[in-house]
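*Asks:* Under the working numbering, the sequence shown has 74 at position 40, and the numbering climbs by one with no breaks.
Questions regarding the structure given below will be posed in turn.
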Amino acid sequence: MLQENTSLPDSNSAVPPPETGRQIRVLLAEDDRALRRFLEVVLERAGYKVIPATDGLEAMKVALSTRIDVVVTDAMMPNLSGHEFCRFLRNSQTLSHIPVILLSALERKETNQNTERVNAFLTKPVSGEILVECIERLLAVKSDE
35 MLQENTSLPD SNSAVPPPET GRQIRVLLAE DDRALRRFLE VVLERAGYKV IPATDGLEAM
95 KVALSTRIDV VVTDAMMPNL SGHEFCRFLR NSQTLSHIPV ILLSALERKE TNQNTERVNA
155 FLTKPVSGEI LVECIERLLA VKSDE
């Protein structure tokens, strides 16, 4: 399990999404509308099916009702934070295997119980290229398991 993704591979060594015959579904939970739309466009251009959510509570409802392959979530959101949403996923027997990328405007100062449950931690502002590379790497690790 990846604890933190601060060093990324060269763009030449990026691993493409696994060829599974189906489109990879990314649940994107972000309360900032402009950032959510930007990341949605970036991920769709990379070939992913994006399911947007405006906060952690909406993301929880989506996770319970829709098949998802990867979660990208903001750390601080109204109603249910990204940390709380991640805790929900990790405590769910059917959802605990889903890779989670946590986005935060705050730098990760110390490891704590909340952030240890995520597969990757990226500091905002995050570039679209770095996010896509991170997703690809997590999917490659997941397919090797």
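Ideal Cβ positions, reconstructed from N, Cα and C, are used throughout, including at glycine.
Here the structure is a predicted model, which is why all the values come from computation and not from measurement.
Classify Val96 as helix, strand or coil using the three-state DSSP reduction.
*Replies:* In this structure, Val96 counts as helix in the three-state DSSP scheme.
*Asks:* Taking three-plus beta-carbon pairs below 8 Å as touching, is the segment 82-97 in contact with the segment 134-141?
*Replies:* Touching, no.
*Asks:* Ile85 by DSSP, collapsed to three states: which one?
*Replies:* Looking at Ile85 - three-state DSSP - the assignment turns out to be strand.
*Asks:* Does Ser130 come out as helix, strand or coil in the three-state DSSP assignment?
*Replies:* Note: Ser130 maps to coil in three-state DSSP.
*Asks:* Starting from the C-beta of Lys176, find all residues in its chain whose C-beta is less than 7 Å away, skip the five residues before and the five after it, and write them out in chain order.
*Replies:* Answer for Lys176: Pro133, listed in chain order.
*Asks:* Rounded to whole angstroms, what's the CA-CA distance from Val166 to Ser115? Just pull it up for me.
*Replies:* Going from the Cα of Val166 to the Cα of Ser115 covers about 23 Å.
*Asks:* Let me make sure I understand the geometry here. Which of Lys158, Leu173, Leu123 and Gln127 has the alpha-carbon closest to that of Arg151?
*Replies:* Closest by alpha carbon: Leu123.
*Asks:* Within its chain, find whatever has a CB closer than 7 Å to the CB of Ser99; leave out the 5 residues flanking it on each side and keep chain order.
*Replies:* Cβ within range, chain order: n/a, list empty.
*Asks:* Judging by CA-CA distance, which residue of Glu170, Ala174, Leu173 and Pro159 is the nearest neighbour of Arg70?
*Replies:* Residue Pro159 is the option with its Cα nearest to Arg70.
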